[in-house]
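Asks:
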Amino acid sequence: MRDPATRAVLDSIRRIVRVLRESSRRTERSLGLGAAQLFVLQRLAGAQPLSLNELAERTLTHQSSVSVVVSRLVKAKLVTRLRARGDARRLEIRLTPAGEAALERAPAAAQDRIIAALGTLGAPVRRDLARQLGRLVEAMALPAQHPPMFFEQAPEPTTERAGRRPRGRGRSR
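Mapped onto our numbering, the consecutive letters of the sequence shown carry residue numbers 461 to 633.
#1: Assign S525 to one of two classes, buried (16 or more other C-beta atoms within 10 Å of its C-beta) or exposed (fewer than that).
#2: Report all residues from its chain with a CB closer than 7 Å to the CB of T556; omit the five preceding and five following residues, and keep chain order.
#3: Return the chain-ordered list of same chain residues with a C-beta closer than 7 Å to the C-beta of G494, the five sequence neighbours on each side being excluded.
#4: Starting from L512, trace the alpha helix (DSSP H) both ways and give me its first and last residue.
#5: Identify which residue in D471, F499, S472, T519 has its Cα closest to the Cα of A568.
#6: At the level of alpha carbons, what is the spacing between I574 and A566?
#7: Measuring only the C-alpha atoms, how far is G628 from Q571?
#8: Identify every run of the beta strand (DSSP E) within the segment 520-561, keeping only runs that are complete inside it and at least 3 residues long; order them along the chain.
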């Protein structure tokens, strides 16, 4: 296939992925964190404690995807996840002093470059780009599950999402 438009699209995707990969490697080398972890830390910086849903909104990511990253950050003691004082149902995520120190040494997250560039395109162009990329995803027959954050493992699907019956329902084993 010698379609210049197809090559141009692939080259653009390659350039975006390359910038994200290089940023992730740089962050990994300098901080020991992946690009998604840095992006989450930066979204928590200067903010009041956030719920997982609020953090997902700030990272423009599905809650299940950001949850995986937050769990890694909790394990690394860079963020805490505590019950809110006024509402025991609400879990709040906040930076720890170690998380704040990591951010002081951190480069900018590459995702911010993408978000900023998308902002320059204007709403009608963003909507059209979203529609066209959605068509590409459909044509590729990619899974409908929520994608993980850049360069993060996808969360394990629950039994219902994987198309299997959860234990305790249906046939007995």
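Every residue, glycine too, gets a C-beta built ideally from N, C-alpha and C.
Replies: Reading off the structure:
#1: Indexing the sequence shown from 1 puts residue 525 at position 65. Counting every other CB atom within 10 Å of its CB across the protein chains shown gives S525 a total of 16 or more, marking it as buried.
#2: What you label residue 556 is simply residue 96 of the sequence shown in a count that begins at 1. Within the same chain, and ignoring the five residues on either side of T556 in sequence, the residues whose Cβ sits closer than 7 Å to its Cβ are K537, L538, V539, T540.
#3: Position 34 of the sequence shown, counting from 1, holds the residue named residue 494. S484, T487, E488, F611, E612, listed in sequence order.
#4: Position 52 of the sequence shown holds residue 512. For L512, the enclosing alpha helix (DSSP H) stretches over residues 512-519.
#5: Numbered from its first residue, the sequence shown carries residue 568 at position 108. Measuring from the Cα of A568, the nearest candidate turns out to be F499.
#6: Counting from 1 along the sequence shown, the entry for residue 574 is found at position 114. Counting from 1 along the sequence shown, the entry for residue 566 is found at position 106. Their backbone Cα atoms lie some 18 Å apart in a straight line.
#7: Sequence index remark: in the sequence shown, residue 628 carries index 168 (1-based). Sequence index remark: in the sequence shown, residue 571 carries index 111 (1-based). Per-residue confidence for G628 stands at a pLDDT of 41, beneath the threshold of 50, marking its modelled position as unreliable; the derived number appears in the next sentence. Distance between the alpha carbons of G628 and Q571 is about 42 Å.
#8: Fully enclosed beta strand (DSSP E) runs of 3 or longer: 539-543, 551-555.
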